[in-house]
Amino acid sequence: MAIMIRSLLLPLTLLVLAATSTVAQLEIGYYSKSCPNVEAIVREEMVKIISAAPSLAGPLLRLHFHDCFVRGCDASVLIDSTKGNLAERDAKPNRSLRGFGSVERVKAKLESACPGVVSCADVLTLMARDAVVLAKGPSWPVELGRRDGRTSNAAEASDELPPAFGDIPLLTKIFASKGLDLKDLVVLSGAHTLGTAHCPSYADRLYNATADPSLDSEYAEKLRMKCRSVNDGSTLSEMDPGSYKTFDGSYYRHVAKRRGLFRSDAALLTDATTREYVRRVATGKFDDAFFKDFSESMIKMGNVGVLTGVQGEIRKKCYVLN
Ligand code: HEM
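FYI, the numbering for the sequence shown is -24 to -1, 1 to 298, going by mature numbering (1 follows the signal peptide of the UniProt record, and there is no 0).
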């Protein structure tokens, strides 16, 4: 009898183990039966959102990045703080995030079409892709099936997100801890073709006792006219001046001319591999290659630490646990 029970239990245990320990299993068309119009619904809402506010493309792309780098792409960045818990979105590097309302709006549409089916983590991933497409950037297939996490902790976000002052060794280490390499670093930094930044993210480069040699002095002078002090929290500067609402390779032209806004952008000129990439795309002849690389790196980033199967939950509202 004992042998019989054991022989029945073993396969069962293996099955449970397999279900809980499999590597991320995301799929194209994951919702093909449970919510077949998911991509069309997200796209339709995104068209409305971006037509009304084109400057939201950057923030929506950044939300996905900040989600994936902390506890994996599990929508933990969207959870509101509660009395007993300071959540990721209230961590210092996340205070400049925008677009939360747009995510809730898209999620609400999906909840009315297919209640309790599509995770907030998948919504964020699709919205980031669509933000890039609608900003005239590349498109890529999005694998789906992420589940939403149930933990969100501000201290973790401060520890895990790359800081604007990051140099190559630090950035490489942070990216490697997410399974991303040096190429992903230089390629994904190209996301800074979209969007704007607040003075405190770069003003230390303008108001140091000795001028920052990695920043073009004429450009520094221009930036000083806008950003009057290190503490100026209200002035915004474009990272890719002239085309900050369009996804293209021109960010690399600025970086190549020592006009990258953050130290992390400038750092790309200090390593042979990343420098070569910057200079290549800066010629303007390799935007297609950059688009392809960006798509590949975004797919990789969208796989970081995902929850699948029976892990986590499918949140009904993205800002609060079920
Ligand atoms: C390499 C490491 C990175 C560092 C150190 C970094 C740092 C920053 C900083 C400091 C800002 C400005 C925040 C503010 O002052 O408002 C910013 C903005 C932005 N970042 Fe990054 N970033 C990095 C990588 C990425 C990646 C991988 C993506 C996406 C794939 C991304 C997308 C964006 C976008 C779109 C904005 C503009 C957001 C807006 O317009 O509000 N960044 N980043």
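For glycine and all other residues, C-beta sits at the position ideal for the given N, C-alpha and C.
- Here DSSP, grouped into helix, strand and coil, assigns LEU212 to strand.
- Between VAL280 and the set LYS9, VAL14, PHE41, the nearest pair of CA atoms involves PHE41.
- The DSSP-derived three-state label of ALA196 is helix.
- Ranked by Cα distance from GLU272, the first of ASP143, ASP160, THR222 is ASP160.
- In this chain, ALA173 is not harboured by any alpha helix (DSSP H); it is covered by the beta strand (DSSP E) spanning 172 to 174.
- Collapsing the DSSP output to three states places THR250 in a helix.
- No Cβ-Cβ contact shorter than 9 Å links LEU137 with PRO35.
- When the Cα atoms are used, GLY142 and THR148 turn out to be separated by approximately 9 Å.
- In this structure, LEU62 has its beta carbon at no less than 8 Å from each heavy atom of the ligand HEM.
- Per the coordinates, the alpha-carbon of LEU32 lies some 11 Å from the alpha-carbon of MET103.
- In the three-state reduction of the DSSP assignment, THR259 falls in the coil class.
- Collapsing the DSSP output to three states places LYS112 in coil.
- The Cβ-Cβ distance between TYR178 and ALA140 falls below 9 Å.
- If you compare the alpha carbons of TYR227, ARG181, GLY60 with that of VAL163, the shortest gap goes to TYR227.
- THR172 has its CB nearer than 8 Å to a heavy atom of the ligand HEM.
- Set against 8 Å, the gap from the CB of LEU147 to the closest heavy atom of the ligand HEM is smaller.
- The count of Cβ pairs closer than 8 Å, one atom from the segment 113 to 127 and one from the segment 3 to 13, reaches three, so the stretches are in contact.
- In terms of Cβ geometry, MET22 and ALA107 form a close pair [threshold 9 Å].
- Taking 8 Å as the cut-off, one finds at least one heavy atom of the ligand HEM near enough to the beta carbon of LEU164.
- Put simply, the backbone Cα of ILE144 is about 36 Å away from that of VAL296.
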